[in-house]
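Asks: Chain order of the listed sequences is A and B.
All residue numbers for the first sequence refer to this note's numbering, where the first residue is 305 and numbers rise by one.
All residue numbers for the second sequence refer to this note's numbering, where the first residue is 27 and numbers rise by one.
Each residue gets a CB set at the ideal place from its N, CA and C atoms; glycine is no exception.
All values derive from a computational prediction rather than experimental measurement.
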Amino acid sequence: MSTATHDAAHGHDHGHDDHAHEHKPYGMMRWVGSTNHKDIGTMYLWFSFTMFLVGGVMALIIRAELFQPGLQIVRPEFFNSMTTYHGLIMVFGAIMPAFVGFANWLIPMQIGAPDMAFPRMNNLSFWLLPPAAMLLIAAQFAPGGGAGVGWTMYAPLTTQAGPAMDLTIFAVHILGMSSIMGSINIITTILNMRAPGMGLMKMPLFCWTWLITAYLLVASMPVLAGAVTMTLTDRHFGTNFFNAAGGGDPVLYQHIFWFFGHPEVYIIAIPAFGVVSQVIPAFSRKPLFGYASMVYATASIAILSFMVWAHHMYTVGMPVETQLFFMYATTLIAIPTGVKVFNWVATMWKGSLTFETPMLFALGFLFLFTLGGFTGLVLSIVPVDVQIHDTYYVVAHFHYVMVAGALFSAFAGIYFWLPKWTGRMYNETLGKWHFWLSLVFFNVTFFVQHFLGLAGMPRRVPDYALQFAEFNAISSVGAFGFGLSQLLFLYIVLKCICSGEKALDKQWEGADSIEWTMLPSPAPYHSFTTPPTIK
Amino acid sequence: MNPGQTKRTLRINRQMFVRLSFFALLMFGFGYAMVPYYKKFCQVTGLNNLLQPDTVVSNTQVDKSRWVTLEFDANTHGMPWQFAPVQRSVRVHPGEMTQVAFEIKNNGGSTMVGQAIPSYGPKHGAPFVKKLECFCFKQQVLAAGESRQMPVQFVIDAALPASVTTLTLSYTFFEVPAADKKNASAPTVATGKAG
């Protein structure tokens with residue numbers, strides 16, 4: 305079987321040289337052996353959406369249990385497993401692959417390259433994901449159930465958890481390998497394969513944000529791999545990295561994990577910034593305000609993200625000087641982030657604005673991400689954080705930046721580039737419905753969680769005190785509404801692919817990057833096989 | 027592979043692949059390098075030195091004006107050892123050198139090595155309990171059925187805030203995994219140097 309795959313991939317490669325541009329292989333092998341950046345981008349996006357539904361069902365199980373105080377629906381162990389795998393699947397299975405999908409589709413088209421630098425490695429990066437996802441799902445059926453250790457996988461709980469933990473660790477290893485290979489591919493493509501005349505500072509901002517993100521991934525993913533490898537050897541091979549009795553320290557795990565974990569937050573957020581930086585200028589019919597400052601702000605955020613990790617651990621018993629250092633470093637990140645928000649707003653200033661679905665999602669992103677950024681600032685202050693650490697305030701904060709930030713930006717990007725990808729337009733009315741339903745239900749779900757957190761409701765607990773009942777009921781209703789609204793999104797995308805109206809080559813009047821100005825819609829299977837000349 | 031790629035692009039792409047892969051490997055190593063670095067950092071800053079004797083400022087005065095109750099707690103983690111303090115609690119003056127004892131017995135059928143890890147409550151009282159000698163400074167080896175009485179010598183720092191009147195010192199014995207057994211019969215830390 306593997307030989308057959310190899311041969312098919314081989315023949316496919318030669319096919320590129322010999323045949324006309326529109327030649328593409330048919331059937332399953334087109335996808336299994338694909339080295340085409342557009343096919344791989346499509347697979348990433350569909351994989352990500354599938355995982356989004358899986359992680360979403362897990363979220364709904366959590367919210368169903370929390371609808372009322374007391375234990376009604378699931379056992380506490382299963383609840384813990386749901387919070388764990390909801391986090392892991394959404395972060396590593398849904399959001400990250402979604403933006404890698406964007407990167408695959410767009411980077412070669414935006415810099416005028418024929419494909420990614422390493423097309424076969426690209427294929428491998430994608431096909432590592434389904435096995436990893438299967439391991440995460442299989443972990444639910446391991447003896448003792450899924451590992452209810454939280455997505456952060458803190459020792460010493462992980463060193464004592466059941467066999468599901470090993471499956472989870474291997475899944476993280478595989479996901480890490482996939483991300484590192486994907487990042488190497490992206491960095492090499494951007495640095496080496498730009499069309500003549502496409503200087504680094506002429507690239508669309510989306511490419512810049514991915515270049516920076518890819519460096520963050522190469523630097524931080526191996527550290528996570530190290531942390532989970534240490535957990536694995538502690539569990540099975542008698543090492544004592546995190547075992548206090550053998551001279552180790554569980555707090556060390558938290559340091560190593562968050563050294564990865566904080567850059568990870570920006571790995572998710574920065575490509576989202578990139579998408580929004582393409583969408584807002586297009587619908588403002590003005591170039592992006594402060595392009596250079598956007599690049600420098602993104603780079604500063606990336607560098608600072610390696611110096612703030614301990615703000616996740618204010619309560620582990622650090623000396624006050626250390627807490628102060630991390631507090632100041634964290635608040636410093638507000639400056640480059642503020643520069644970005646200012647630039648987006650200034651881009652819209654005096655622009656000829658129209659509010660199609662991508663723009664609505666970008667504005668939703670802008671407003672709600674900034675709100676999530678503000679609660680992040682609140683959490684960065686040590687004396688405040690000590691009070692609300694591990695409460696629903698934190699849950700609300702990171703869902704504002706992950707869902708209303710990254711996910712809304714991904715929706716904006718999908719609506720924006722769907723005409724280019726499929727050659728067909730989505731239904732604008734339904735798209736707007738999708739936006740408004742998502743916006744309303746998102747806030748119904750998560751805004752009230754701020755109040756729950758401030759009142760002291762702890763996260764990751766399946767039951768709660770009676771005083772939290774009303775807000776939890778509201779939040780659960782919102783969560784189900786939000787979840788169902790996403791089925792509308794699936795319908796819109798399928799309808800667009802099957803029977804959407806024909807899209808124009810330059811569907812959006814204000815879009816100015818070369819995938820719009822130089823390529824037809826849908827983008828041909830092989831684009832820029834001879835490099836374009838960029839003026 | 028791609029028609030647009032020249033030989034030169036392929037070569038520089040490959041170079042870049044090698045460099046970035048090397049960087050990723052380096053970062054994997056960095057994760058491991060954090061382990062000794064963290065240990066050193068804790069040692070230098072005096073954070074987390076649970077298993078070493080504390081030093082006491084030399085001119086400590088005994089504060090006869092107040093009493094502090096120190097309660098003892100003893101646990102084992104998944105070991106067939108019986109472990110208990112000889113006295114449940116003591117009342118002492120801050121600054122007063124005190125010695126108490128704990129008893130352990132190995133009820134298991136074979137020789138085992140255990141390590142006790144101390145823990146304090148309330149958290150903000152922890153830095154004021156200064157242990158000068160403790161069985162937790164070294165691993166304990168007990169043959170099947172063997173029992174032992176072990177001393178803990180401590181001083182409560184006179185700088186203890188007046189609001190703290192009761193402190194708890196809790197120990198948990200963990201089994202030392204086979205791979206990490208040090209020469210347990212000899213003390214791993216010289217207990218004489220402190221105080």
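(1) Short check: CB of A/G466 to CB of A/A446, under 8 Å?
(2) For A/N776, which of helix, strand or coil comes out of DSSP?
(3) Since B/K131 sits in a beta bridge, which residues does DSSP pair it with?
(4) Excluding the 5 residues flanking A/A614 on each side, which residues of the same chain have their C-beta closer than 6 Å to its C-beta?
(5) Considering only residues of the same chain and omitting the five flanking positions on each side of B/A188, which have a CB-CB separation below 8 Å?
(6) Does the stretch 662 to 671 of chain A come close enough to the stretch 619 to 628 of chain A to have 3 or more Cβ pairs within less than 8 Å?
(7) Taking all protein chains shown into account, decide if A/N340 is buried (16 or more other Cβ within 10 angstroms of its Cβ) or exposed.
(8) Given that A/P623 touches chain B, what residues does it touch there, using C-beta distances under 8 Å?
(9) Write down every uninterrupted run of the alpha helix (DSSP H) in the stretch 504 to 579 of chain A whose length is 4 residues or greater and which is fully enclosed by it, in chain order.
(10) Kindly indicate which three-state DSSP category A/M413 falls into: helix, strand or coil?
(11) Tell me, please, which residues DSSP counts as bridged to A/D816.
(12) Beta carbons nearer than 8 Å to chain B: which residues of the stretch 488 to 501 of chain A have them?
(13) Going along chain A, which residues have a C-beta under 7 Å from B/V61?
(14) Taking the C-alpha atoms as reference points, what is the distance between A/F474 and A/L439?
(15) Name the residue from B/Y64, B/V88, B/F67, B/S145 whose alpha carbon lies nearest to the alpha carbon of B/A100.
(16) What's the gap between the Cα of A/H701 and the Cα of B/L186?
(17) Just to confirm my understanding: we take A/P826, look at its own chain, exclude 5 residues before and 5 after, and list those with CB closer than 6 Å. What are they?
(18) When you compare the CB positions of A/G530 and A/T456, do they come within less than 8 Å of one another, or not?
(19) Residues in the stretch 411 to 424 of chain A with C-beta within 8 Å of chain B's C-beta atoms, listed in sequence order?
(20) Closer than 9 Å between beta carbons: that is the criterion. Which residues of the stretch 578 to 599 of chain A meet it against chain B?
(21) Within the same chain, show all residues whose beta-carbon is closer than 6 Å to that of A/M394, passing over the 5 residues directly before and after it, in chain order.
(22) Short of 7 Å in beta carbon distance, which residues of its chain neighbour B/F180, apart from the five on each side in sequence? Order them along the chain.
(23) Alpha carbon to alpha carbon, how far is A/I494 from A/C511? Give it in angstroms, no decimals.
(24) Under 8 Å, Cβ to Cβ, is there at least one residue of chain B near A/H390?
(25) At a Cβ cut of 9 Å, what residues of the stretch 190 to 203 of chain B count as close to chain E, listed as they run along the chain?
(26) For B/P62, report the span of its alpha helix (DSSP H) as first-last.
(27) Should A/A499 and A/T472 be called a contact, given that it needs their Cβ atoms to be closer than 8 Å?
(28) Check the Cβ-Cβ distances between B/T35 and every residue of chain A, and say whether any is below 8 Å.
(29) Helix, strand or coil: how does DSSP classify B/E122 here?
(30) Under 8 Å between C-beta atoms, does A/H540 make it to chain B?
(31) Just to check my reading of the structure: A/N710 and A/I399 have Cβ atoms closer than 8 Å, yes? What is that Cβ distance to the nearest angstrom?
(32) Check whether chain B comes within 8 Å of A/A844, counting only Cβ atoms and requiring the distance to be less than that.
(33) Tell me, please, whether the CB atom of B/F56 is closer than 8 Å to any CB atom in chain A?
(34) I'd like to know if A/A633 contacts chain B, where contact means its C-beta is closer than 8 Å to some C-beta of that chain.
(35) Taking the Cβ atom as the reference point for each residue, do A/Y348 and A/P401 lie within a distance shorter than 8 Å?
(36) Would a C-beta distance cut-off of 8 Å place B/G140 and B/F200 closer than the cut-off?
Replies: This is what the structure gives:
(1) The residue labelled residue 466 of chain A in the question sits at position 162 within the first sequence. The residue labelled residue 446 of chain A in the question sits at position 142 within the first sequence. Yes; because the gap between Cβ atoms is below 8 Å, this pair is in contact.
(2) Translated into positions along the first sequence, residue 776 of chain A becomes position 472. A/N776 falls in the helix class under three-state DSSP.
(3) Numbered from 1 along the second sequence, position 105 holds the residue referred to as residue 131 of chain B. Paired residue(s): B/Q108, B/S173.
(4) Locating residue 614 of chain A in the first sequence gives position 310, where the first residue counts as 1. For A/A614, where only same-chain residues beyond five positions count, the Cβ hits under 6 Å are F630.
(5) To locate residue 188 of chain B, count along the second sequence from 1; it is residue 162. Within the same chain, B/A188 has close Cβ partners R92.
(6) no
(7) Here residue 340 of chain A is taken as the residue at index 36 of the first sequence, counted from 1. Flag for A/N340 reads buried.
(8) One-based indexing of the first sequence puts residue 623 of chain A at position 319. Per Cβ cutoff of 8 Å: T71, L73.
(9) The DSSP assignment places 509 to 540 as complete runs of the alpha helix (DSSP H) inside the stretch 504 to 579 of chain A, in order along the chain (cut-off: 4 residues).
(10) By 1-based counting over the first sequence, the position of residue 413 of chain A is 109. In the structure shown, A/M413 sits in a helix (DSSP, three-state: H, G or I).
(11) For the purposes of this step, residue 816 of chain A is taken as the residue at position 512 of the first sequence. None; A/D816 has no bridge partner.
(12) I488, I491, T492, L495, N496, M497
(13) Translated into the one-based positions of the second sequence, residue 61 of chain B becomes position 35. By Cβ distance, chain A contributes F545, L556.
(14) Position 170 of the first sequence, counted from the start, is the residue given in the question as residue 474 of chain A. Position 135 of the first sequence, counted from the start, is the residue given in the question as residue 439 of chain A. If you take the alpha carbons of A/F474 and A/L439, they lie about 8 Å apart.
(15) For the purposes of this step, residue 100 of chain B is taken as the residue at position 74 of the second sequence. B/A100 has its Cα closest to that of B/S145, out of B/Y64, B/V88, B/F67, B/S145.
(16) Within the first sequence, residue 701 of chain A is the residue found at index 397, counting from 1. Within the second sequence, residue 186 of chain B is the residue found at index 160, counting from 1. Answer to the nearest angstrom: the Cα atoms are 38 Å apart.
(17) As a working mapping, residue 826 of chain A is identified with position 522 in the first sequence. Cβ-Cβ distances below 6 Å link A/P826 to T726, G727 in the same chain, with the five nearest sequence neighbours on each side left out; the list follows chain order.
(18) To locate residue 530 of chain A, count along the first sequence from 1; it is residue 226. To locate residue 456 of chain A, count along the first sequence from 1; it is residue 152. No, Cβ-Cβ distance for A/G530 and A/T456 is not below 8 Å.
(19) A417, P418, D419, A421, F422, P423, R424
(20) Among the residues of the stretch 578 to 599 of chain A, none has a Cβ less than 9 Å away from any Cβ of chain B.
(21) Residue 394 of chain A sits at position 90 when you count from the first residue of the first sequence. If we look at A/M394 and ignore the five residues flanking it on each side, its Cβ neighbours are G359.
(22) What you label residue 180 of chain B is simply residue 154 of the second sequence in a count that begins at 1. If we look at B/F180 and ignore the five residues flanking it on each side, its Cβ neighbours are T124, V155, K156, K157, L158.
(23) Looking up residue 511 of chain A in the first sequence gives position 207. Looking up residue 494 of chain A in the first sequence gives position 190. A direct Cα-to-Cα measurement between A/C511 and A/I494 gives close to 7 Å.
(24) Residue numbering aside, residue 390 of chain A sits at position 86 when the first sequence is read from its first letter. Chain B, which has no Cβ nearer than 8 Å to the Cβ of A/H390, makes this no.
(25) The displayed structure is made up of protein chains A and B, and chain E is not among them.
(26) What you label residue 62 of chain B is simply residue 36 of the second sequence in a count that begins at 1. Per DSSP, B/P62 belongs to the alpha helix (DSSP H) from 33 to 71.
(27) Here residue 499 of chain A refers to the residue found at position 195 when the first sequence is read from its first residue. Here residue 472 of chain A refers to the residue found at position 168 when the first sequence is read from its first residue. For A/A499 and A/T472, no; Cβs fall outside 8 Å.
(28) Here residue 35 of chain B refers to the residue found at position 9 when the second sequence is read from its first residue. At least one chain A Cβ lies under 8 Å of B/T35.
(29) As a first step, residue 122 of chain B must be located in the second sequence, where it is residue number 96. Collapsing the DSSP output to three states places B/E122 in coil.
(30) The residue labelled residue 540 of chain A in the question sits at position 236 within the first sequence. No - not a single Cβ of chain B is within 8 Å of the one on A/H540.
(31) The residue given as residue 710 of chain A occupies position 406 in the first sequence. The residue given as residue 399 of chain A occupies position 95 in the first sequence. The identity of residue 710 of chain A in the sequence shown is Ala, whereas the question assumes Asn. Right, their Cβ atoms sit about 5 Å apart.
(32) For chain A, the structure presents residues 305 to 839; residue 844 of chain A sits outside this window and is missing.
(33) Translated into the one-based positions of the second sequence, residue 56 of chain B becomes position 30. Chain A contact via Cβ: present.
(34) As a first step, residue 633 of chain A is located in the first sequence; it is residue number 329 there, counting from the start. A/A633 does not count as touching chain B.
(35) Indexing the first sequence from 1 puts residue 348 of chain A at position 44. Indexing the first sequence from 1 puts residue 401 of chain A at position 97. It is a contact, given that the beta carbons lie within the stated cut-off.
(36) Stepping through the second sequence from its first residue, residue 140 of chain B is reached at position 114. Stepping through the second sequence from its first residue, residue 200 of chain B is reached at position 174. The answer is yes: Cβ separation under 8 Å.
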